[in-house]
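For what it's worth, this note's numbering labels the leading residue of the sequence shown as 37, then goes sequentially. All C-beta atoms in this analysis are idealised placements derived from N, C-alpha and C, irrespective of residue type, glycine included.
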Amino acid sequence: MISAAPKEGQHPVIAAKVKPPRWFPARNFGDFQWPPPFLRFPFLNYLSLLPNLSYSVVRFFPLLFLAFLTACGSEPPPKPAEVPALSELPLIPLPASITDGEGDAYYETYTGQVMPSSDAIIGDAQRYLYSRLPDLVLPLQFDVRSDLAEGAYRINFRDGNIEVSAGTRDGMLNAVKTLEQVLHFSGADAGAVYISEGTISDEARFPYRGFMLDVARHFFEVEEVKAVIDRIAPYKINHLHLHLSDDQGWRIEIKSWPKLTEIGGKSEVGGTPGGFYTQEQYSDIVAYAAARGITIVPEIDMPGHTNAALSAYPILNEDGKATEPYTGTRVGFSTLDTDQDSVYVFIDDVVREIGALTPGPYFHLGGDESDATDHEDYVKFVNEVQKIIKRNGKQPMGWDEVATAALDPGTVVQLWAHPDYALKAKAAGNPVLMSPATRAYLDMQYDSTSRIGLHWAAYIEVDSAYLWDPANLAEGLTDSDIMGVEAPLWGETIQNLEDIDYLTFPRLLALAEVGWTPQERRDWDDFRRRLRAHQTWLKDQGIGTYDTRVLQEEENEAPAEPAPSTDN
Numbered sequence: 037m038i039s040a041a042p043k044e045g046q047h048p049v050i051a052a053k054v055k056p057p058r059w060f061p062a063r064n065f066g067d068f069q070w071p072p073p074f075l076r077f078p079f080l081n082y083l084s085l086l087p088n089l090s091y092s093v094v095r096f097f098p099l100l101f102l103a104f105l106t107a108c109g110s111e112p113p114p115k116p117a118e119v120p121a122l123s124e125l126p127l128i129p130l131p132a133s134i135t136d137g138e139g140d141a142y143y144e145t146y147t148g149q150v151m152p153s154s155d156a157i158i159g160d161a162q163r164y165l166y167s168r169l170p171d172l173v174l175p176l177q178f179d180v181r182s183d184l185a186e187g188a189y190r191i192n193f194r195d196g197n198i199e200v201s202a203g204t205r206d207g208m209l210n211a212v213k214t215l216e217q218v219l220h221f222s223g224a225d226a227g228a229v230y231i232s233e234g235t236i237s238d239e240a241r242f243p244y245r246g247f248m249l250d251v252a253r254h255f256f257e258v259e260e261v262k263a264v265i266d267r268i269a270p271y272k273i274n275h276l277h278l279h280l281s282d283d284q285g286w287r288i289e290i291k292s293w294p295k296l297t298e299i300g301g302k303s304e305v306g307g308t309p310g311g312f313y314t315q316e317q318y319s320d321i322v323a324y325a326a327a328r329g330i331t332i333v334p335e336i337d338m339p340g341h342t343n344a345a346l347s348a349y350p351i352l353n354e355d356g357k358a359t360e361p362y363t364g365t366r367v368g369f370s371t372l373d374t375d376q377d378s379v380y381v382f383i384d385d386v387v388r389e390i391g392a393l394t395p396g397p398y399f400h401l402g403g404d405e406s407d408a409t410d411h412e413d414y415v416k417f418v419n420e421v422q423k424i425i426k427r428n429g430k431q432p433m434g435w436d437e438v439a440t441a442a443l444d445p446g447t448v449v450q451l452w453a454h455p456d457y458a459l460k461a462k463a464a465g466n467p468v469l470m471s472p473a474t475r476a477y478l479d480m481q482y483d484s485t486s487r488i489g490l491h492w493a494a495y496i497e498v499d500s501a502y503l504w505d506p507a508n509l510a511e512g513l514t515d516s517d518i519m520g521v522e523a524p525l526w527g528e529t530i531q532n533l534e535d536i537d538y539l540t541f542p543r544l545l546a547l548a549e550v551g552w553t554p555q556e557r558r559d560w561d562d563f564r565r566r567l568r569a570h571q572t573w574l575k576d577q578g579i580g581t582y583d584t585r586v587l588q589e590e591e592n593e594a595p596a597e598p599a600p601s602t603d604n
């Protein structure tokens with residue numbers, strides 16, 4: 037099938053089983069289009085085979101032409117009794133604006149191969165959409181527009197055309213992620229689809245929407261991490277924060293300090309073998325995520341949470357002795373020797389090697405629960421490590437305790453437990469990333485019957501994950517102070533992908549909407565309506581989402597009241 041004729045500056049998707057023939061390109065001659073709409077059938081694509089076919093095949097062309105004439109006279113399937121308006125589709129996260137049109141249009145879909153545009157902004161979006169819908173192809177028009185902000189997009193459904201517009205690669209990827217949901221929930225899987233006319237105009241409330249996976253407490257193989265990436269990308273999560281080190285294990289190869297993985301990589305919670313990523317495997321994860329619009333954020337937690345490093349290199353320890361590998365779940369007992377120059381040489385090597393493999397701007401230094409580090413030593417350490425990270429070309433991030441040090445300009449403070457530290461960051465002009473443990477920690481149990489998870493911060497059902505406003509966590513914060521929202525999944529109780537699914541879904545969908553949708557557009561009852569459809573879709577994809585009680589309640593039943601924001 038050849039797409040409708042593009043307007044100036046637009047790029048059509050040529051979607052076909054074989055390369056379309058050069059004598060049937062789409063052209064626009066004023067109000068006249070070639071080929072005309074009634075000739076745009078998949079059959080035309082097969083004409084491109086003729087130069088390569090033998091005479092014994094070409095002689096059957098009259099029969100093929102007869103099939104073409106039959107296709108020209110075919111009628112679309114019966115129209116459904118009701119075609120939902122765009123605004124009625126269960127899209128998550130909810131777009132910033134949906135304007136319904138007056139009619140609808142029929143789109144024929146078919147199987148085939150996509151030939152992506154050579155334009156980087158458009159081609160990556162086409163490849164992503166085809167990776168998600170390899171058996172579903174239809175004509176689209178892509179338009180790169182400079183008037184749309186970073187990450188913003190627009191989709192027009194009108195006159196039988198689907199026009200996708202964005203100004204950046206991220207915006208185009210966001211657009212096709214929404215388009216996938218429109219197609220799915222309009223029934224496109226069946227081979228043909230009616231879609232209501234209208235326009236989706238959208239951009240995120242916050243630029244950073246993250247998910248953190250703790251691979252230190254329990255190690256997850258490369259293919260498992262890729263599966264996680266595939267699960268979170270459709271919901272416009274654009275950062276994957278990898279917690280690569282902790283007391284229980286060190287998970288990334290550092291060539292200048294090989295014992296980190298030779299010794300520190302062989303343990304995890306419960307005494308099972310652990311594991312680590314070679315630098316080549318880590319780079320593979322980075323590239324896989326980037327193709328789906330996700331930036332990797334590496335974290336090496338320090339000066340606490342460092343027993344795995346101390347067990348590998350005694351020189352990092354104050355007493356010069358190697359510690360024993362640790363497979364429990366206690367926190368706050370380990371620390372690097374903040375007075376030794378060799379410790380800062382070590383950190384510089386680690387940041388340099390990981391930073392060289394990570395195109396994204398951030399390097400997370402951890403900094404939480406350093407109970408074994410004297411406070412003055414902690415402040416000195418954080419101040420120095422910020423400089424090391426910036427010297428290696430990265431922007432420092434840290435858990436909210438780093439705000440007790442002298443923050444360098446640009447250092448990101450990730451709030452998890454102390455709202456006052458977020459206010460310190462605001463006062464210093466530093467960005468704040470919201471991950472309140474009582475709302476956003478995915479390792480918390482749903483309730484007392486949850487088969488895995490913890491509950492030291494709270495029981496977090498889906499309504500609790502949804503019913504909060506990041507700007508209300510600390511008095512005086514505004515949207516301009518907040519760079520985004522991140523949902524951490526700590527690894528004490530998760531051992532496999534099934535466990536990740538159980539604790540992550542459907543709560544991550546609630547948090548994705550918290551980070552994307554304008555506060556005034558969010559509505560719990562409407563979200564629950566949309567979540568029902570996504571719960572089914574997740575299960576159809578083989579994702580083991582938790583059967584939340586909030587979808588078992590009556591529609592008119594009020595959700596539990598959210599906890600006061602001061603408790604976060």
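Legend entry - Alpha carbon of Pro467 to alpha carbon of Leu172, nearest angstrom: Residue numbering aside, residue 467 sits at position 431 when the sequence shown is read from its first letter. Residue numbering aside, residue 172 sits at position 136 when the sequence shown is read from its first letter. If you take the alpha carbons of Pro467 and Leu172, they lie about 41 Å apart.
Inset, instruction - Give me the Cβ distance between Ala211 and Gln284, rounded to the nearest whole Å; I'm assuming they're in contact under 8 Å. - result: On the sequence shown, position 175 is the one that residue 211 refers to. On the sequence shown, position 248 is the one that residue 284 refers to. Going by Cβ atoms, the distance from Ala211 to Gln284 rounds to 41 Å, so no, they are not a contact pair.
Legend entry - Leu209 to Leu544 span [Cα, whole Å]: As a position in the sequence shown, residue 209 is number 173, starting the count at 1. As a position in the sequence shown, residue 544 is number 508, starting the count at 1. Just so you know, the alpha carbons of Leu209 and Leu544 end up roughly 19 Å apart.
Legend entry - Backbone CA spacing between Lys302 and Ser153 [nearest angstrom]: Here residue 302 refers to the residue found at position 266 of the sequence shown. Here residue 153 refers to the residue found at position 117 of the sequence shown. Looking at the two C-alpha atoms, the distance is approximately 45 Å.
Legend entry - Proximity of His277 and Glu335 at Cβ, strictly below 9 Å: Against the sequence shown, residue 277 aligns to sequence position 241. Against the sequence shown, residue 335 aligns to sequence position 299. Cβ atoms of His277 and Glu335: closer than 9 Å.
Legend entry - Three-way DSSP call (helix, strand, coil) for His254 in this model: Here residue 254 refers to the residue found at position 218 of the sequence shown. His254 falls in the coil class under three-state DSSP.
Inset, instruction - Take Asn192 as the anchor and find which of Gly137, Ala161, Thr235 and Arg163 has the nearest alpha-carbon. - result: The residue given as residue 192 occupies position 156 in the sequence shown. If we check each option's Cα against that of Asn192, Thr235 comes out closest.
Legend entry - Separation of Glu144 from Trp70, as counted between CA atoms: As a first step, residue 70 must be located in the sequence shown, where it is residue number 34. As a first step, residue 144 must be located in the sequence shown, where it is residue number 108. Note that Trp70 has pLDDT 42, beneath the 50 cutoff, so the model's placement of it is unreliable and no number is given.
Inset, instruction - Return yes when the Cβ of Asp238 is within less than 9 Å of the Cβ of Arg190, no when it is not. - result: Here residue 190 refers to the residue found at position 154 of the sequence shown. Here residue 238 refers to the residue found at position 202 of the sequence shown. Taking 9 Å as the Cβ cut-off, Arg190 and Asp238 qualify as a contacting pair.
Inset, instruction - Entirely within the stretch 275 to 305 and at least 3 residues each: give me those beta strand (DSSP E) ranges in chain order. - result: Counting only runs of at least 3 residues, the stretch 275 to 305 fully encloses the following beta strand (DSSP E) elements, listed from N- to C-terminal order: 275 to 279.
Inset, instruction - Identify every residue that forms a DSSP beta bridge with Trp588. - result: Position 552 of the sequence shown, counted from the start, is the residue given in the question as residue 588. Note on residue identity: the sequence assigns Gln, not Trp, to residue 588. Under DSSP, Gln588 forms no beta bridge with any residue.
Legend entry - Opening and closing residue of the alpha helix (DSSP H) in which Gly159 lies: Mapped onto the sequence shown, residue 159 falls at position 123. Segment Ala156 to Arg168, the alpha helix (DSSP H) holding Gly159.
Inset, instruction - Could you spell out the range, first to last residue, of the beta strand (DSSP E) harbouring Ala202? - result: To locate residue 202, count along the sequence shown from 1; it is residue 166. Where Ala202 is concerned, the enclosing beta strand (DSSP E) stretches over Asn197 to Ala202.
Inset, instruction - Tell me, please, whether the stretch 375 to 386 touches the stretch 325 to 335 by the rule of three or more beta-carbon pairs shorter than 8 Å. - result: Touching, no, given that fewer than three Cβ pairs across the two stretches are closer than 8 Å.
Legend entry - the stretch 171 to 185 / the stretch 111 to 128 touching (three or more Cβ pairs under 8 Å): Contact fails: fewer than three Cβ-Cβ distances are below 8 Å.
Legend entry - Segment contact flag, the stretch 356 to 370 with the stretch 426 to 443, C-beta cutoff 8 Å, min 3 pairs: Contact fails: fewer than three Cβ-Cβ distances are below 8 Å.
Inset, instruction - May I ask which residues mark the beginning and end of the alpha helix (DSSP H) holding Gln217? - result: The count along the sequence shown starts at 1 and reaches residue 217 at position 181. Per DSSP, Gln217 belongs to the alpha helix (DSSP H) from Arg205 to Phe221.
Legend entry - Alpha carbon of Trp552 to alpha carbon of Pro542, nearest angstrom: Start at 1 with the first residue of the sequence shown, and residue 552 comes out as number 516. Start at 1 with the first residue of the sequence shown, and residue 542 comes out as number 506. Going by the C-alpha atoms only, they are around 16 Å apart.
Inset, instruction - Have a look at the DSSP bridge pairing and note the partners of Glu522. - result: Translated into positions along the sequence shown, residue 522 becomes position 486. Beta-bridge pairing links Glu522 to Gly246.
Inset, instruction - Select from Ile579, Leu176, Met470 and Glu138 the residue whose C-alpha is nearest the C-alpha of Met151. - result: As a working note, residue 151 is residue 115 in the sequence shown. Of Ile579, Leu176, Met470 and Glu138, the residue nearest in Cα terms is Leu176.
Legend entry - N- and C-terminal bounds of the alpha helix (DSSP H) containing Ser500: In the sequence shown, residue 500 corresponds to position 464, counting from 1. Val498 to Tyr502 is the extent of the alpha helix (DSSP H) around Ser500.
Legend entry - Nearest residue (CA-CA) to Ile496, options Ile488, Val229 and Leu478: Here residue 496 refers to the residue found at position 460 when the sequence shown is read from its first residue. For the residues Ile488, Val229 and Leu478, the minimum Cα distance to Ile496 belongs to Leu478.
Legend entry - Endpoints, the beta strand (DSSP E) within which Tyr143 is located: Taking the sequence shown and counting its residues from 1, one reaches residue 143 at position 107. In the DSSP annotation of this structure, the continuous segment of the beta strand (DSSP E) that includes Tyr143 starts and ends at Ser133 to Glu144.
Inset, instruction - Grab the span of the alpha helix (DSSP H) containing Asp355 for me, first residue to last. - result: Taking the sequence shown and counting its residues from 1, one reaches residue 355 at position 319. Where Asp355 is concerned, there is no enclosing alpha helix (DSSP H), given that its DSSP letter is neither H nor E.
Legend entry - Per-residue burial, Asn353 [other beta carbons within 10 Å of its own, 16 or more giving buried]: Within the sequence shown, residue 353 is the residue found at index 317, counting from 1. Asn353 comes out buried.
Legend entry - Beta-carbon contacts of Pro598 that lie in its chain and below 7 Å, excluding the five residues immediately before and after: What you label residue 598 is simply residue 562 of the sequence shown in a count that begins at 1. Legend: pLDDT at Pro598 = 48, less than 50; position of this residue unreliable, value from coordinates given subsequently. Closer than 7 Å at the Cβ level, and outside the excluded window around Pro598, lie Ser500, Leu503 and Trp504.
Legend entry - Ser237, enclosing beta strand (DSSP E) - first and last residue: Residue mapping note: residue 237 aligns to position 201 of the sequence shown, counting from 1. Looking at the DSSP string, the run of the beta strand (DSSP E) that includes Ser237 is Ala228 to Asp238.
Inset, instruction - Give the DSSP bridge partners of Ile332, in chain order. - result: One-based indexing of the sequence shown puts residue 332 at position 296. Paired residue(s): Leu276.
Inset, instruction - Go ahead and pull the three-state DSSP assignment for Phe194. - result: The residue you call residue 194 lines up with position 158 of the sequence shown. Looking at the sequence provided, one finds Arg at residue 194 rather than Phe. In this structure, DSSP gives Arg194 an extended state, which the three-state scheme calls strand.
Legend entry - Alpha-carbon spacing of Leu443 relative to Glu589, whole angstroms: Position 407 of the sequence shown, counted from the start, is the residue given in the question as residue 443. Position 553 of the sequence shown, counted from the start, is the residue given in the question as residue 589. When rounded, the separation of the alpha-carbon atoms in Leu443 and Glu589 is 46 Å.
Inset, instruction - With distances taken Cα to Cα, identify the nearest neighbour of Pro397 among Arg427, Ala408 and His411. - result: Reading the sequence shown from its first residue, position 361 is the one you call residue 397. Looking only at Arg427, Ala408 and His411, the smallest Cα-Cα distance to Pro397 is reached by Arg427.
Inset, instruction - State yes or no: is the C-beta of Leu547 within less than 9 Å of the C-beta of Ala510? - result: Walking along the sequence shown from the start, residue 547 turns up at place 511. Walking along the sequence shown from the start, residue 510 turns up at place 474. It is not a contact, given that the beta carbons lie outside the stated cut-off.
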